[in-house]
Amino acid sequence: CTLSAAAQGTVGGRVLDEKAQPLPGVTVIIEGTQLGSSTNAEGQFLIQNVPAGQQTVLTSFVGYSTQRLPVNVANGQTTNVKDITLGENTTLLNEAVVVGYGVQRRQDVTGSIATVTSKDFVPGQVTNPEQLVQGKIAGVSITTGGGAPGSANAIRIRGNSSLNASNDPLFVIDGVPVDKGGISGASNPLSLINPNDIESVTVLKDASALAIYGNRASNGVVLITTKRGLQGEKLTVNFSSQTSVSRRFNKYDVLSADELRTLVQERGSAAQKANLGTANTDWQDEIFRTAATFDNNISLTGSIKKLPFRVSYGNLNQDGIVITNSLKRNTGSLSLTPVLLDGHLRVDINAKGTQIKNRFIDDGQIGGAISYNPTVPVRSSEAQYVPYGGYFQYLGTNGLPASQAPGNPVAALNNSNNISTVKRFIGNVQLDYKFHFLPELRANLNLATDVSRGEGSTATSVTDFGNVGQGRFTRFKQDKDMRLLEFYLAYNKQLGADTKFDVQAGYSYQDFENQGPNYQIFRFDRTTPLGDPPSPSGYYDPYRLISYFGRANLSVKDRYLLTATLRNDNTSRFGEGNRSGYFPALGLGWRLKGENFLTNNQSVTELKLRAGYGITGQQEIGGPFDYLPRYVRGNNSVQYQLGLDAAGNPIFIPFQRPAGYNADLTWETTATYNAGLDWGLFDNRVSGSIDVYQRNTDNLLANVFVPAGGLANKLNRNVGSLRNRGVEVALNVVPVRTEDFTWDVNLNAAYNKTEITDLGPQLEGFIGYQVEGIGGGTGNNIQIQTVGYPNNAFYVYQQVYGADGRPVEELYVDRNGDGVLNEADLYRYKQRAPLATFGFTTNFTYKRLTLNAVLRANVGNYVYNRIAADQANLIGIQQGSALFLSNVPTSVRDTYFNASRQRQIYSDYYLENGSFLRGENITLGYNVGKIFREGTNLRLTAAVQNVFLITKYSGLDPEIFSGVDNNFYPRARTFTFGLNASF
Amino acid sequence: CNDLDLKPKYENTPDKVYVDLNGYRSVLAKVYGGFAVTGLGNDNANGAAGGGDIADIDEGTSDYIRQLWSAQELTTDEAVWTWPDPGVQDWHNMNWTASNVVVRGLYYRLYYEIALCNEFIRESSDDKLNSRLSGADVATAKRYRAEARFLRAVAYSHVVDLYGGGPFVIDTDPTAYTPPYRTRQQLFEYVEQELLALASSPEFAEPRTNEYGRVDKAAAWAMLSRLYLNANVYTASVPGQNNGTARYTDAARYAKQVIDAGYTLNTTAAGTVSSAYGRLFLADNHTAPARNEVIWPVTFDAANTRSFGGTSFLINGSTGSGSTGWKNYVGMPSGWDGLRTTRNLVDVFGADTARGRDSRGRFWAQGQTLDIDDVTKKEQGYGVVKYRNVTSSGTAIAQPLAPAFYFASTDFPMIRLAEVMLNYTEAVQRGGTGDAGLALGYVNQIRRRAYNKPINTPDASVDFTSLTLDRLLDERQRELHWEGFRRSDLIRFDNMFTRVTTNPRSNWPFKGGSRTGRAVADTRVLFPIPASDRAVNPALPQNDGY
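Structural data, given as structure tokens:
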């Protein structure tokens, strides 16, 4: 303090929010001095020893705009300024950002963090939370698993950091790191969260932001915050209702019945001709339908005295576009957020419960509809089809299914009732206590649980083709339980006006159990056993994480920022001595805007440089006991006969198999370097950020060959390295901002290049690890992991083309020039993951009308067109059997291939550029405004999803995570009408 | 709650397995079962797959018998395979590389079996047995241990035959280990020593005194006769030259010991179901009289010992799905349309096939062509209906998973008396010390059985009066076709590769992938050490030519 004993006074006042509620914790300083204070629970502040005379009171608070207020300080007196009202700040750079174990001001953040709040969510029919931000965040690639309701999505943040370990980000919902894995009966565990309850989604991308979550953060962290009530808030009832109609917008191009008849008559064998029928069936039309979805949600938000609350109920009823497919979901949530003990104890209670009921389909029937013979009818009244429920089937002379023949896809769908019921409860109680004697010190206790119960069954009727006369009944059950205890102490201190720091240290205990029984298979009657009793009688996969973490944030003059974190994790998945991993990170920020040369620059609203380095860990691979020597009992179906009993019958002995194990398993680590620049111009009319990063994963947990002679030829080991490098750009522009008309544009782009840099000892001639099965025989794989190449590169033969530009049958380039065409001529070509992803969002608001569009694009992703590779040839018509015919894609005319498919399926001819531009969503909204009385509101929307798709890919849709187009459930085009009323 | 030592619930730590003799027996079941089944069988849909032993190969394909059989038969005139499964056509084409998935899968299966045996022997040291078991159980467990040693020697003998040298790991080595390389000569000597030790070990069962399915000294003698018969191949200075040390006298001696141990050729036909020869390959071949000829069966059962390899592979694989008659005959309601044979195998029976005289020449010709233009066409090439899934009373085996899956209950003869008799004859014919008259008599007994004649009554219509090596090779093919001997036999008889091209037996349709057959480099006599293992074990050299 440099003050002399000159004239001094005291300044007091009160800070309120726009609802005139007091705002505690607001930083208030006297501009140009180091004098300051923060407001108490009543929003009041008092700053002493302020030099007399004209001063400016500066108030700033996370998520609110900064206010300046002149005050004339009188010597020896307390001057009260009028109430200061802070408006909520909606510009990107000043908002409050949820970070691991806390909240930060955007401008204080040193890591790469992106947030999307509810007002910017993707509208329309959204079943899963991650769809809310699809295309919205640079470097976050969300690939839906297809058009089935609730289907699993592959979420990749900055590519993938692991080969065989999990590449899914960690989801933290209201402070609860939830179970990453799936639950039987729900394709997507996140579909158990109602998107309507979500307030914001924050993605932590670089290590300096992630390392606080150490152990499971290598693939990024997604923080989901749900909506909650505010103290003193008036009761608001919000009702939203959406009705959607979905239909497929394209179909796989296969021969019509007449075209197939012509082709077979021209080129087919006598046996093929004999199997031609007279019907004209479009099997795709038979299995696809126009489907409706109803999504209704109601919520009550408010405050009972000092108890803010929010309760909600949601009901989703979604039909898939394939017959019989449906999803029903009921969700309920409750949050209570009281502040007690004179503002010293913040309590945060959340409970979310969900029940979903699915009826799944066998995706193979989509492929079945593409290839089933169009010259036969769906149904037939002939007597031989009576045991098959009157559906046409290929039968032998004995009335039994013809060998190797596929089943009628319509019959298969209708004969199979594959249902599941899944319940999930996520609840937590978080207590945050600010010590009475030392308000700068907080203690935070978080107790949470995540409980899932999944069960289901598949009942296949006695008229089913493959199970005729018997039917089949299988069931499953899975119980998952997560328990969490986290505790931390946080201390923050303002040292004068310039220096702020906070430190925190904590402990985390998280316990996971995953278990269930294995069931006997029965006939449809559910009493006659089929096959053996299950062995083992159940499964049990527990694991446990115990962690210690600490973080320090330092901010000097609001310009120089430093964040340091350290986390120590211990996992039960590794053996004694290998369990502990340390994950440090450092983030630095320099807010250039705060420097003298920019403070008064009206054009530059924000400019900040960020740099970070950190290490995160990964242990999520294989089973929970992979490090432990153990024996596994074989099923009763694989016993061995040792001796004969008295009657001369063999005695069967169930075996115990010693399992391969790796006692040396330990942490995989990913070191991330990140540099970023946040900027805003012209009152943030133009703003954005750019990040460059490199991620090096070492001690890569990979499933690799181990020397022959052990109990396994491949084991999960810590070998190898993987590198991701990329650039991410986000740009926000508000070209027009007038009272009546606003137009804003958001563009994000990301480029990511992955390369496997090491896979353990390598030898010339070792090709790598072939992955991604494609059928066409046992053990065909189309992709490969090789050092020096991206993960999941395609591994194919190079097709030779004739003078006419057509591929020459079974002729490939002898790439190694040894005169022999064999597997040594396969080569690595392209990759399944996109090199670049783009998202584009634009909003027009004219008075009460809004128009919103979201577009997405992927570039550089390749797709193996397995349907064409398998089927688009003349032998595809007669799949190895004279007993039936199959349909083929019209692209058969491009090749007329007619020989063995051994090499043909590996031809790069079937590898296609899957780059695309998708019109994800267009939504038109009209805000009706108040209805009946003040304080009510009604908003109407109409949305189209999957508006258009521009691609060179010849199949239906190139956006396929695995890179193999195989029985893909097509994404529908969906028209949604919604209303949202609050009163 | 700070405990990170979680325990499995459905798996056992080793201290909970080897608690009594039954514990040892349950692991012994896997040591034996390593030849028959491929994993834990926990795929509920079929019980044959799921939890496979070997990674990076289709589990069903990874079966020991299926792979050994494929390497020995699909590389020769005896069998072709329709399907374009990865690597499989390379058997015919003889253009496999060190990255070939089936060459690799076979290799890992052999070494997996070795690892299983090592683990069992490791847990069966005298000290461990004495501390864990008591009384007669200790002696019983020592017998188990001897059998594991035998099975390990068998797996190493297959390494010697197929790959030459290879990694060498035994029970005294640690579990996580990068084994050193041993040459073909060294591995040959190791197998010989092990078999010799077992041949006289008091811990190893005397012939025909052990339980069904388990092995005894006769099996060790039989393996010695097989090993010695091929000694000049295995100890050759250059693989394929067959200029190593011949051991025909030893081959004859051990063959004779087996022959004199009380095994008998089955001479009883199964009524109208099968000939005496055919009965050896029926679903109840675990019963007498078929079992009296079999020295070591690898057992299968449609309900309890399922795999997509073994005889389920041989019967399903060789059956035409479109022919009810065919399926009924072999007792398998399904067919994979996979395996057929070339005309060479049919022709070796001469006109006797057509006349049905030689009961060993049983082919499915209806709807099939004898000649093959395209191996991928299932209608080309005759079917072989040697292995069948019906009992001697003609009953098809109950199929618990019908109509989805069908498995065989037929046991696969790894060693049977007829082979040992032919070993004796060949050893003597090649100059080993022995009784030439007896040698000729053995062949003629086998031939008389084939023609449904009394085997001890000379019969001029079928008997040979003299022998030549070519005759013996042909007789071995007639008797032992599709039992997994052909490649080794052709090599031993100098008919496999380029060196000898004059003998018509050295060429066949689709040899080397050519419709008419082509010469193939001598270096193909050995399969390559898989690149995947060389990548992680720098001690391993590559065989010539790869």
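Residue numbers (the working numbering), protein chains in the order written: chain U, 7 to 989; chain Z, 56 to 601.
Idealized CB from N, CA, C, for every residue including glycine.
Given the structure is predicted, the values throughout are model-derived calculations rather than measurements.
{"Asked": "On a Cα-Cα basis, can you pick out the residue from Z:Pro262, Z:Arg579, Z:Thr465 that is closest to Z:Ile546?", "Found": "Z:Arg579"}
{"Asked": "Considering only the alpha carbon of each residue, which of Z:Val475, Z:Val445, Z:Arg471, Z:Glu474 lies closest to Z:Ala666?", "Found": "Since the displayed chain Z opens at 56 and closes at 601, residue 666 of chain Z lies outside it and no answer follows."}
{"Asked": "Would a check of beta-carbon distances place U:Phe589 closer than 7 Å to chain Z?", "Found": "no"}
{"Asked": "Note down, one range per segment and in chain order, each alpha helix (DSSP H) of at least 4 residues found wholly within the region 268-295 of chain Z.", "Found": "272-284, 286-289"}
{"Asked": "Taking beta-carbon pairs under 7 Å, can you tell me which members of the region 203-236 of chain Z lie near chain U?", "Found": "Pro222, Val224, Thr230, Ala231, Tyr232, Thr233, Pro234"}
{"Asked": "Could you run through the region 650-670 of chain U and flag, in chain order, every residue whose CB is less than 9 Å away from some CB of chain Z?", "Found": "Leu650, Gly654, Asn655, Pro656, Ile657, Phe658, Ile659, Pro660, Phe661, Gln662, Arg663, Pro664, Ala665, Gly666, Tyr667, Asn668, Ala669, Asp670"}
{"Asked": "Identify the contact partners of U:Glu829 in chain Z, using a Cβ-Cβ distance below 9 Å as the criterion.", "Found": "Pro141, Gly142, Asp145, Asn150, Trp151, Thr152, Ser154, Asn155, Val156"}
{"Asked": "Report yes if the C-beta distance between U:Gly145 and U:Val860 is below 7 Å; otherwise report no.", "Found": "no"}
{"Asked": "For U:Gln4, does the count of other Cβ atoms within 10 angstroms reach 16, so buried, or fall short, so exposed?", "Found": "Because chain U in this structure spans residues 7 to 989, residue 4 of chain U falls outside the shown range and cannot be described."}
{"Asked": "Against chain Z, with Cβ distances strictly below 7 Å, would U:Arg550 count as a contact?", "Found": "yes"}
{"Asked": "Z:Val224 and Z:Tyr289 - do their beta-carbons sit closer together than 7 Å?", "Found": "no"}
{"Asked": "Look up U:Lys142 in the DSSP assignment and say whether it is helix, strand or coil.", "Found": "coil"}
{"Asked": "Against chain U, with Cβ distances strictly below 7 Å, would Z:Gly377 count as a contact?", "Found": "yes"}
{"Asked": "Find the residues of chain A that neighbour U:Thr403, judging by a C-beta separation of less than 9 Å, and give them in chain order.", "Found": "Of the protein chains in the structure, U and Z, none is chain A."}
{"Asked": "Tell me whether U:Leu683 sits in a helix, a strand or coil according to DSSP, three-state version.", "Found": "strand"}
{"Asked": "My understanding is that Z:Gly94 touches Z:Asp113, with C-beta atoms under 8 Å, so please give their C-beta distance in whole angstroms.", "Found": "With 8 Å as the limit, Z:Gly94 and Z:Asp113 do not qualify as a contact, their Cβ atoms being about 11 Å apart."}
{"Asked": "Between which two residues does the alpha helix (DSSP H) containing Z:Tyr384 stretch?", "Found": "379-385"}
{"Asked": "Where do the N-terminal and C-terminal ends of the beta strand (DSSP E) with U:Met488 fall, by residue?", "Found": "478-501"}
{"Asked": "Does Z:Asp99 have its Cβ less than 7 Å from a Cβ in chain U?", "Found": "Note on residue identity: the sequence assigns Asn, not Asp, to residue 99 of chain Z. Z:Asn99 counts as touching chain U."}
{"Asked": "Cutting at 6 Å between CB atoms, please list the residues of its own chain near U:Arg505, excluding the five before and the five after it.", "Found": "In the sequence on display, residue 505 of chain U carries Thr and not Arg. Hits under 6 Å: Val562."}
{"Asked": "Going by beta carbon distance, what residues of the same chain come within less than 6 Å of Z:Ala324, once the five residues before and after it are set aside?", "Found": "Ser330, Ala331"}
{"Asked": "Going by alpha carbons, who is nearest to U:Ala669 out of U:Gly726, U:Asn754, U:Ser578, U:Thr703?", "Found": "U:Ser578"}
{"Asked": "Taking U:Ala558 as part of the beta strand (DSSP E), name the residues at either end of that continuous run.", "Found": "549-562"}
{"Asked": "So, are the CB atoms of U:Gly593 and U:Leu572 less than 7 Å apart?", "Found": "no"}
{"Asked": "Mind checking the region 103-116 of chain Z against chain U and listing, in chain order, the residues whose C-beta falls within less than 8 Å of any C-beta there?", "Found": "Ala103, Gly105, Gly106, Asp108, Ile109, Ala110, Asp111, Ile112, Asp113, Gly115, Thr116"}
{"Asked": "Just the chain U side, please: which residues come within less than 9 Å of Z:His169 by C-beta, in chain order?", "Found": "The residue you asked about is not His; residue 169 of chain Z is Ile in the sequence shown. Correct list: Ala714, Gly715."}
{"Asked": "At a Cβ threshold of 7 Å, is U:Leu891 touching chain Z?", "Found": "no"}
{"Asked": "Can a CB atom of chain Z be found closer than 7 Å to the CB of U:Leu769?", "Found": "yes"}
{"Asked": "Report the residue from Z:Ile120, Z:Ala254, Z:Ala453, Z:Gly390 whose alpha carbon sits nearest the alpha carbon of Z:Val157.", "Found": "Z:Ile120"}
{"Asked": "Of the residues U:Ile425, U:Thr242, U:Pro57, which one's Cα is nearest the Cα of U:Gly941?", "Found": "U:Thr242"}
{"Asked": "Cutting at 8 Å between CB atoms, please list the residues of its own chain near Z:Ser376, excluding the five before and the five after it.", "Found": "Lys382, Ser389, Gly390, Trp391, Asp392"}
{"Asked": "With distances taken from CA atoms, which of U:Pro713, U:Asn200, U:Asn244 is nearest U:Gly766?", "Found": "U:Pro713"}
{"Asked": "In its own chain, which residues sit with a C-beta less than 7 Å from the C-beta of Z:Ile176, not counting the 5 before and 5 after it?", "Found": "Arg200, Ala203, Arg204, Asp226"}
{"Asked": "Verify the CB distance criterion: does Z:Ser587 have a CB-CB separation below 7 Å to chain U?", "Found": "yes"}
{"Asked": "Determine the extent of the alpha helix (DSSP H) in which Z:Gly372 is found, giving its start and end residues.", "Found": "365-373"}
{"Asked": "Where do the ends of the alpha helix (DSSP H) carrying Z:Leu250 lie?", "Found": "239-254"}
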